[in-house]
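> Could you have a look at this structure, given as structure tokens, before my questions?
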Amino acid sequence: MCLRQLLQSSQLQWAWRAAFLKHVQGRHPGAWRWTHSGGGPYRAVIFDMGGVLLPSPGRVAAEWEVQNHIPSGTIVKALISGGENGPWMKFMRAEVTTEDFLQEFGRLCSEISKTSVPVDSFFSLLTSERVAKQFPVMTEAISQIRAKDLQTAVLSNNFYLPNGKSFLPLDRKQFDVVVESCLEGVCKPDPRIYKLCLERLGRQPSESILLDDLGPNLKAAASLGIHTIKVDDPETAVKELETLLGFPLRMAVPNTCPVRKTMEIPKDALEKYLRDLLGTQTTGPLELLQFDHGQSNPTYYVKLANHQLVLRKKPPGTLLPSAHAVEREFRIMKALANAGVPVPKVLDLCEDSSVVGTPFYLMEYCPGLIYKDPSLPGLEPSQRRAIYTAMNRVLCKIHSVDLKAAGLEDYGKHGDYLARQVQTWIKQYRASETSTIPAMERLIEWLPLHLPRQQRTTVVHGDFRLDNLLFHPETAEVFAVLDWELSTLGDPLADVAYNCLAHYLPSGFPIQPGLSDCDLTELGIPTAEEYFRMYCLHMGIPPTKNWNFYMAFSFFRIAAILQGVYKRSLTGQASSATAKQTGKLTEFMSNLAWDFAIKEGFQVFKEMPATKPLMRSYHTWSLLRTPGTRSYVTSTDSSLVHASKGALIFSPEDLPPRVRELYQRLKEFMERHVYPAEPELQRHQASAERWTPSPLVEDLKEKAKAEGLWNLFLPLETDPEKKYGAGLTNMEYAHLCEVMGTSLYAPEIFNCSAPDTGNMELLVRYGTEEQKARWLVPLLEGKARSCFAMTEPQVASSDATSIESSIREEDGFYVINGHKWWITGILDPRCQLCVFMGKTDPHAPRHQQQSILLVPMDTPGIKIIRPLTVYGLEDAPGGHGEVLFEQVRVPKENIILGPGRGFEIAQGRLGPGRIHHCMRLIGCSERALALMKARAKSRVAFGKPLVEQGTVLADIALSRVEIEQARLLVLKAAHVMDVAGNKAAALDIAMIKMVAPSMASRVIDRAIQAFGAAGLSSDHPLAQFFTGARALRFADGPDEVHRAAVAKMELKHRS
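Just so you know, this note's numbering puts 908 at position 745 of the sequence shown, and the rest follows in order with no gaps.
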């Protein structure tokens, strides 16, 4: 690792790709000339690591500084500071520990930038798997070098990681020798380290080549007689290395590989066919390679004499009806070429399967660029935008083709395209189905019911995406549109939606990298909405109102295609080595499709006229607190509910089968275990042993774990791989949370109680792997409890920016001083972690002053002043504490995300938790109403049952109405959080926090009134229910703050 890579970012891939292809096109087509083949004077190639084998940390630093609002150049200036005796060079010679380096490095960065710099965050990014990936061109070059029996070595200025291992994210098997400065105590450009490398290789300097990107390092090597190559970008360096070695280090045809064994075709028969077709008499072997794209129809590069061709064929084996139609591809490309659409020139269609085993067609090979990664790494923002604009314009050109003039009027049916497509892909999916996927079943039911009206009929590509376009190597011009297998006549908006799929996939998605976790503004890439508006502007049409349907259908279609690829992989028919991985991806894609279906349904739901009110049958709790089943039906037309099923799930009966089964198990567990245990749990809470955990609760926890009723709270968006929780959406969990809310003790029994839930989600969202291992795992296992320390007695803590507790850096630690109170759970003997919020920089912008630290509860300086009671109740064993933090020293690695991120983290932590509190309040209100009804039926006053008293009847009626109103509002908020995100749901969240606690307080108060003095006692849960509901009118923010927020948003957005 060297300084230059930190001083300047890597050169544009755009430039080297253009130069490479220009070089290739300037030669005899496809011909590479080499002076010799492995017989030259060089016997070893030595590689530097950073900037040669791995991406330049300079670029990493520049992007990281932008993302973290750090002044540009701060990192580089700190690295240079002190020269050979600076902290960076000492670190690479292993003269200082990682901890000491980061401390000194952080101090330097802070001095340079005049602000706090989270250098540990930069160091983590620099050494992360996401960044530290070896360049594929270098991997291929090393493989070719070793195949010629030459030696390879790494000679790197390197450092130790905190785990005591050196930072070497490379496959050591690629190298005969690895020399690292941190192991040897000497750095380049010291001649000793070069001599050490040569000695271990057993080579003379004249037999060796060094690739490095730092001038002084190259100069020192050259003075010893080593031949050097200065690396500005990997591709150019490999080309220079090829010239020195005298043999190719890359495939001459980009994006190709040797033909896979299962995809081999008979070369003799093909060669005879080609010679007859082309009239070629030249002798010489037929060259055949396989393109690494083209999952559906195997695609080959063919070279015979001076002809370079592409062969595209059907896959072998029994195929689904109408699939893999290479004949249609040939026809459409031939017609579009005459209509001015950029497509490769097609030569011949061969429907004789005896030649290569299946029908195929031939087209001319077009050199150009295929961008597989939609984030377009290595390009400038202006170049990325130009490429997306060019892609958009060529799609418009396809959709503007005159069907009659092109002879394509009969290329497909006119009208009802989406209806046919939906049925086609349903059939295709059914034909390749290997197991039941719930989301696919829901989509198969939903899509035919929500078809938009088709406005236009055009040619549609059917698979229009970035990596099916061939770009000019020097300009943002589309040379050719490839892969027309799925083309037909239809609704052009289906192409546009499909073209935007990558916007909703993560960057690490195995089949197709996506953009959902990228900063599109910084990259210069238009958002999906901007891209669609660009298309509408070019075409002169208004935007559609059914965009979410088109996206749902596109993801559904991809899911069906992936299922077909997966089934073919089981018989060896699919052409890609990754095809077998697609089985689990079908479910992932179908879930994305269903998310869009829900959005579309919600839009329909909002616009639906309220002509027929929903009539509701509600079977409520039994006398023994038994939760009933909510059932929403339509009195005269059940289709209305059926049609809006994708919008909001009102009833547990309409939950997906897996969630419905989980809901039922939860209810049964509550019946069998929780409600019967309540009297014993209440006695323990009032006993002298109340500050120790109840053994009965611990026993019930183990039972809940055994029944799979554990950690249900983590929302799917936070834990998409279901690594930590049950993988429920906010709306699905809301129904379960309501059931848990019917008992004071249930949330802890299922490990779904605050503040642990918020802290666990915080760790999942923002924690490092080390932080997760230390704190998240014990919390998830229920072996530890935690607390969240934000509220302070001296300030109005409803404004999180006003907190005064200080966090300052000192000798590699953060030192905390502050006074906190109402810290729930801190008195629990199992509480091992305090998530602490304080100020690291009072002078920073208002929302960047706060930071969050993970504070072990056994840290010296934490002093609990007293337990606080709520209306006299202690809430043992967790309680609520008033606490002093005096000179509490916490390791710097315990900070979450970095200094100044506290407000952002706190807001993220509170999102789903707001739903949890409100749904639990619905549950305790239902319990209170059930108790009130039972009391009213059994209690006699003034000679008649209470149920016959008018005031009690009015209380029951009003309570039912208020619970229903609050539940619907909460479910809507949960739904909006799921489909649009927490930020978009801000208004809905503020409304439910304003409504739910007040509603619960009123309902519980009426129940207490029905019980008389008994309602105030501990014989019933009502008093504790009431204190909990009343406290939440502060704990989740004061009512006044939420009312103000709702009013401001109302005035801003709805005026």
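Where is the CB? At the ideal position from N, CA and C, for every residue including glycine.
Quantities reported herein were computed from a predicted structural model and do not represent experimental measurements.
Roughly how many angstroms lie between the CA atoms of Val465 and Tyr524, to the nearest whole one?
Distance between the alpha carbons of Val465 and Tyr524 is about 12 Å.
> Do Arg366 and Arg206 come within 7 Å of each other at the CB atom, strictly closer than that value?
A contact, by the Cβ cut-off of 7 Å.
> Quick one, which of Asp334, Asp263, Met697 has its alpha-carbon nearest Leu216's?
Ranking Asp334, Asp263, Met697 by Cα distance to Leu216 puts Asp334 first.
> Counting Cβ pairs closer than 8 Å, one from the region 310 to 330 and one from the region 419 to 436, do we hit at least three?
No contact exists between the region 310 to 330 and the region 419 to 436.
> In whole angstroms, what is the alpha-carbon distance linking Leu811 and Asp974?
So the two alpha carbons sit approximately 54 Å from each other.
> Lys1026 bridges to which residues according to DSSP?
Paired residues: Leu1047.
> Taking only the alpha-carbon atoms, compute the straight-line gap between Leu879 and Ile1085 and give it to the nearest angstrom.
One C-alpha to the other measures close to 22 Å.
> Is the beta carbon of Ala639 sitting closer than 7 Å to the one on Ile550?
Yes, they are a contact pair.
> So who's on the other strand from Asn1057, going by DSSP bridges?
According to DSSP, which records beta bridges pairwise, Asn1057 is partnered with nothing at all.
> How many Å lie between Ala1170 and Arg846 at the Cα?
The alpha-carbon atoms of Ala1170 and Arg846 are separated by roughly 22 Å.
> Among the candidates Asn631, Lys590, Gln591, Ala582, whose CA atom is the shortest distance from the CA of Tyr616?
Reading the sequence as shown, one finds Arg at residue 616 and not Tyr. With distances taken between Cα atoms, Arg616 lies closest to Ala582.
> Could you check where the alpha helix (DSSP H) with Arg928 kicks off and where it finishes?
Its alpha helix (DSSP H) spans residues 919 to 929.
> Quick check on the DSSP output: what are the complete alpha helix (DSSP H) runs of length 4 or more inside the region 843 to 876, in order along the chain?
Correct list: 858 to 869.
> What is the DSSP secondary structure of Val342, reduced to helix, strand or coil?
In this structure, Val342 counts as strand in the three-state DSSP scheme.
> Report all residues from its chain with a CB closer than 8 Å to the CB of Gly531; omit the five preceding and five following residues, and keep chain order.
Cβ within range, chain order: Leu184, Leu633, Phe634, His635, Pro636, Phe642, Ala643.
> Expressed to the nearest angstrom, what Euclidean distance is found between the alpha-carbon atoms of Val1219 and Pro655?
Past the edges of the chain, shown from 164 to 1218, lies residue 1219, and the structure says nothing about it.
> Helix, strand or coil: how does DSSP classify Met953 here?
Residue state, collapsed to three classes: coil.
> In angstroms, rounded to a whole number, what distance separates the CA positions of Lys358 and Gly921?
Going by the C-alpha atoms only, they are around 56 Å apart.
> Taking 7 Å as the CB-CB limit, is Lys708 close to chain C?
Considering every chain present, this structure includes no chain C. It has just one protein chain.
> Just mark Glu932 as buried or exposed, buried being the case when its beta carbon has 16 or more other beta carbons within 10 Å.
Counting Cβ neighbours within 10 Å, Glu932 comes out exposed, since fewer than 16 surround it.
> Is Ser538 helix, strand or coil when you go by DSSP?
Reduced to three states, the DSSP call for Ser538 is coil.
> Which residues share a DSSP beta bridge with Lys393?
Partner(s): Asp375.
> Work out the CA separation of Pro479 and Asn631 for me, nearest whole Å.
One C-alpha to the other measures close to 23 Å.
> Determine the direct distance from the alpha carbon of Leu755 to that of Ala715, and round the result to whole angstroms.
Spanning the two alpha carbons is a distance of roughly 7 Å.
> Quick test of your reading: Lys329 and Leu346, contact by CB under 8 Å. State the CB separation rounded to the nearest angstrom.
Per the sequence shown, the amino acid found at residue 329 is Ser instead of Lys. At roughly 6 Å, the Cβ-Cβ gap stays under 8 Å, so Ser329 and Leu346 are in contact.
> Under the three-state reduction of DSSP, which class applies to Arg821: helix, strand or coil?
Arg821 falls in the helix class under three-state DSSP.
> Quick check: what's the CA-CA separation for Asn321 versus Ile238?
Distance between the alpha carbons of Asn321 and Ile238: 17 Å.
> Please work out which residues of its chain come closer than 7 Å, Cβ to Cβ, to Val223, disregarding the five sequence neighbours upstream and downstream, and give them in chain order.
These residues qualify, in order along the chain: Leu288, Leu289, Val294.
> Look up Tyr323 in the DSSP assignment and give the residues it is bridged to.
Paired residue(s): Ser329.
> Please name the residue or residues paired with His982 in a DSSP beta bridge.
His982 pairs with Leu1047.
> Buried or exposed for Ile979, please, with buried defined as at least 16 other CB atoms from any protein chain shown within 10 angstroms of its CB.
By the 10 Å Cβ count, Ile979 comes out buried.
> Let's test the definition: count the other Cβ atoms within 10 Å of the Cβ of Asp758 and tell me whether it reaches 16, buried, or not, exposed.
Burial call: buried.
> At 4 residues or longer, what runs of the alpha helix (DSSP H) sit wholly inside the region 244 to 320?
Within the region 244 to 320, the complete alpha helix (DSSP H) runs of at least 4 residues are 250 to 255, 261 to 276, 282 to 289, 299 to 310.
> With Ser965 and Gly981 assumed to form a contact (beta carbons below 8 Å), what rounded beta-carbon distance in angstroms separates them?
In fact, because the Cβ distance is near 13 Å, the residues do not count as touching under 8 Å.
> On the criterion of 16 or more Cβ atoms from any shown chain inside 10 Å, does His577 qualify as buried, or is it exposed?
When all chains shown are included, His577 counts as exposed.
> Where does Pro1008 land, buried or exposed, given buried means 16+ other C-beta within 10 angstroms?
Exposed.
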